[in-house]
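Reading through the structure tokens given below for one structure.
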Amino acid sequence: MSRKNQTLGEFIIENQSEFQYSSGELSRLINSIRLAAKVVNHEVNKAGLVDIVGAAGETNIQGEDQQKLDVMANNTFISTLTNRNIVCGIASEENDDFITIEGQGEDHKNKYVVLMDPLDGSSNIDVNVSVGTIFSIYRRVTPPGSPVTLEDFLQPGRNQVAAGYIIYGTSTMLVYTTGHGVNGFTLNPAIGTFYLSHPNMQFPDMGNIYSVNEGNYNHFPNGVKKYIKYCQEEAENRPYTSRYIGSLVSDIHRNMIKGGIYIYPKSSKAMNGKLRLLYECNPMAFIAEQAGGKASDGFTPILDLKPTELHERVPFFCGSRLMVEKAESFMSNS
Ligand code: AHG
Ligand code: MN
Ligand code: MN
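All residue numbers for the sequence shown refer to our numbering, where the first residue is 10 and numbers rise by one.
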């Protein structure tokens with residue numbers, strides 16, 4: 010049951026019973042993400058006013074420069090989740106290895122692990138363009154009470170029990186799924202409350218937006234080159250509109266509302282593309298499927314891939330169902 014203007018807090022409580030293992034633990038976990046999102050939103054909104062934009066002077070395991078807000082968002086989510094003792098492990102884009110949460114007594118019974126991209130599109134911060142947070146939640150596969158292992162994090166996306174994103178845009182929204190559709194909540198910043206503004210979000214089956222970094226065109230596989238030409242020269246209602254923000258969260262959010270496809274393919278420069286399977290593609294793929302869209306690596310559904318490494322990358326095709334299927338047909342015929 011969902012009602013417009015319901016608060017996120019009310020929605021979480023009222024829908025708790027939909028969850029097959031409803032112990033309240035998942036609800037408390039989503040509540041903590043809601044809290045951390047408000048803190049990060051407050052900091053992101055001040056970017057430009059105080060000395061928090063720009064590089065932090067460190068690189069992460071993937072060789073990317075960490076922005077100060079990457080570090081702040083990472084610390085905020087980790088401390089919010091850790092202090093509440095509701096997860097047993099966290100993996101983040103900004104940490105080389107996963108974090109084991111040591112609990113005391115009953116706390117050892119925590120069943121969930123969280124994987125996250127604390128600040129997505131962070132190179133956009135300095136120019137005041139939308140950024141996001143992406144999260145993915147699994148039940149651990151090793152027994153509660155023991156320290157988490159890599160196996161708890163390397164689960165196929167199909168096993169996700171919840172996933173979502175926060176978009177810090179012209180307004181701030183939290184969009185998530187627990188496997189019963191996708192709902193979006195908009196923050197009223199004056200009172201710090203998220204309200205249900207986008208119930209039961211759906212990707213239109215078809216759209217006319219394609220989102221890809223065409224600067225890399227010459228390095229793309231033939232199937233992607235042909236699909237881009239199809240969008241420009243052959244498709245019904247051609248030419249499609251090209252829209253690429255360079256923040257995965259914002260590009261997918263727009264395409265879910267308007268209809269479109271997002272592609273980050275492999276290229277001769279990056280053999281597996283750029284996006285990370287565990288905390289970028291899997292959560293977005295879960296959202297996409299729950300909203301009637303599709304997500305694949307060009308051939309195989311993202312949610313069926315078996316991860317082998319925490320920070321592995323994968324080509325990503327995500328969006329309106331018929332558009333992804335069309336792009337896949339160009340991939341398999343080239
Ligand atoms: P992050 O800021 O978490 O490293 O992610 C950036 C990602 C994603 O948000 C975006 O779609 C993509 O990088 C853009 O990459 P290009 O600049 O190569 O197009
Ligand atoms: Mn990212
Ligand atoms: Mn990031």
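For every residue, glycine included, the Cβ atom is placed at its ideal position computed from N, Cα and C. Predicted model only: the values in this text are computed from it and were never measured.
Inset, instruction - Check whether the Cβ of E23 sits closer than 8 Å to any heavy atom of ligand 1, and report yes or no. - result: Here residue 23 refers to the residue found at position 14 when the sequence shown is read from its first residue. False, no ligand heavy atom lies under 8 Å from that Cβ.
Inset, instruction - Just jot down, in chain order, the residues whose CB lies closer than 6 Å to any heavy atom of ligand 2. - result: Result (chain order): D126, D129, L257 and E289.
Legend entry - Where T186 falls: helix, strand or coil (DSSP): Counted from its first residue, the sequence shown places residue 186 at position 177. Under the three-state reduction of DSSP, T186 is assigned to strand.
Inset, instruction - Just confirm the distance between the C-beta atoms of L35 and V184, as a whole number of angstroms; I'd bet it's less than 8 Å. - result: Counting from 1 along the sequence shown, the entry for residue 35 is found at position 26. Counting from 1 along the sequence shown, the entry for residue 184 is found at position 175. With 8 Å as the limit, L35 and V184 do not qualify as a contact, their Cβ atoms being about 17 Å apart.
Legend entry - Anticipated Cβ contact below 8 Å, V53 with L78, distance rounded: Your numbering for residue 53 matches position 44 in the sequence shown. Your numbering for residue 78 matches position 69 in the sequence shown. Contact flag correct, Cβ pair sits at about 6 Å.
Legend entry - Span of the alpha helix (DSSP H) around Y236: Working through the sequence shown from its first residue, we reach residue 236 at position 227. Bounds of the alpha helix (DSSP H) holding Y236 are N231 to K238.
Legend entry - Beta-carbon contacts of S41 that lie in its chain and below 7 Å, excluding the five residues immediately before and after: On the sequence shown, residue 41 is found 32 positions in, with the first residue counted as 1. Sequence-distant Cβ neighbours of S41 in its own chain, meaning closer than 7 Å and more than five residues away, are T89, L90, R93 and I95.
Inset, instruction - Indicate, with yes or no, if ligand 3 has a heavy atom lying under 8 Å from the CB of S131. - result: Counting from 1 along the sequence shown, the entry for residue 131 is found at position 122. At least one heavy atom of ligand 3 lies closer than 8 Å to the C-beta of S131.
Inset, instruction - For Q164, count neighbouring Cβ atoms within 10 angstroms of its own Cβ and tell me buried if that reaches 16, exposed if not. - result: Looking up residue 164 in the sequence shown gives position 155. For Q164, the number of other beta carbons within 10 angstroms of its own is at least 16, and it is reported as buried.
Inset, instruction - Select from G98, F308 and S26 the residue whose C-alpha is nearest the C-alpha of L319. - result: Position 310 of the sequence shown, counted from the start, is the residue given in the question as residue 319. When each option's Cα is compared against that of L319, the closest is G98.
Inset, instruction - Between the Cα of G166 and those of N137, Y177, L314 and K303, spot the shortest distance and give me the residue it belongs to. - result: Here the question's residue 166 lines up with position 157 in the sequence shown. The shortest CA-to-CA distance from G166 to any of N137, Y177, L314 and K303 is the one to L314.
Inset, instruction - Could you please give the first and the last residue of the uninterrupted beta strand (DSSP E) stretch that includes S338? - result: On the sequence shown, position 329 is the one that residue 338 refers to. The continuous stretches of beta strand (DSSP E) do not include S338, which lies in the alpha helix (DSSP H) extending over residues R330 to S341.
Legend entry - Backbone secondary structure at V49 - three-state DSSP: Residue mapping note: residue 49 aligns to position 40 of the sequence shown, counting from 1. Here DSSP, grouped into helix, strand and coil, assigns V49 to helix.
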